[in-house]
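Working notes, structure below.
In structure tokens:
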């Protein structure tokens, strides 16, 4: 996929305040924020849904929102695994500093 096409398929929002900022209903999202107790809380937005209101209690996090068509449909098992993950774990908490640092590194790479 050409870089120009990526720009319309994925966004990073550093002050996520409402579901109105999502690309579309057919997008999937991951919202990351650090809690006061050294935890990273990760919220997943499945396809055709919106984030729960609890996500908007803080705007200190970061949203990665991407269109569904970025998931490789040639590999059906992979696509189903991704969708299952988003549906099974709407909220996930990381407690280990090394894991939090790894996620922050990946986010840094996506921003560049």
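Residue numbers (this note's numbering): 251 to 362.
Cβ atoms here follow ideal geometry from the backbone N, Cα and C, with glycine treated the same way.
Everything numeric in this text was worked out from a predicted model, so none of it was measured.
Residues that residue i bridges to, as DSSP identifies them
| i | result |
| --- | --- |
| residue 294 | 280 |
C-alpha gap between residue i and residue j, whole angstroms
| i | j | result |
| --- | --- | --- |
| residue 294 | residue 362 | 22 Å |
| residue 357 | residue 267 | 19 Å |
| residue 265 | residue 272 | 12 Å |
| residue 311 | residue 296 | 18 Å |
Burial state of residue i (16 or more Cβ within 10 Å)
| i | result |
| --- | --- |
| residue 335 | exposed |
| residue 348 | exposed |
| residue 315 | buried |
| residue 277 | buried |
| residue 360 | exposed |
| residue 344 | buried |
Beta strand (DSSP E) segment containing residue i, residue limits
| i | result |
| --- | --- |
| residue 313 | 312–317 |
| residue 344 | 341–344 |
| residue 263 | 260–263 |
Whole-number beta carbon distance between residue j and residue i, since they are thought to touch under 8 Å
| i | j | result |
| --- | --- | --- |
| residue 259 | residue 319 | 7 Å |
| residue 285 | residue 292 | Not quite, the Cβ-Cβ distance comes to about 11 Å (not below 8 Å), so this is no contact. |
| residue 355 | residue 317 | Contact flag wrong, Cβ pair sits at about 24 Å. |
| residue 281 | residue 300 | Wrong, their Cβ atoms sit about 11 Å apart, outside the cutoff. |
Where the alpha helix (DSSP H) containing residue i begins and where it ends
| i | result |
| --- | --- |
| residue 361 | 347–361 |
Residue i Cβ short of 7 Å to the ligand SAH heavy atom set
| i | result |
| --- | --- |
| residue 344 | In terms of ligand content, the structure shown is empty, and the ligand SAH therefore cannot be addressed. |
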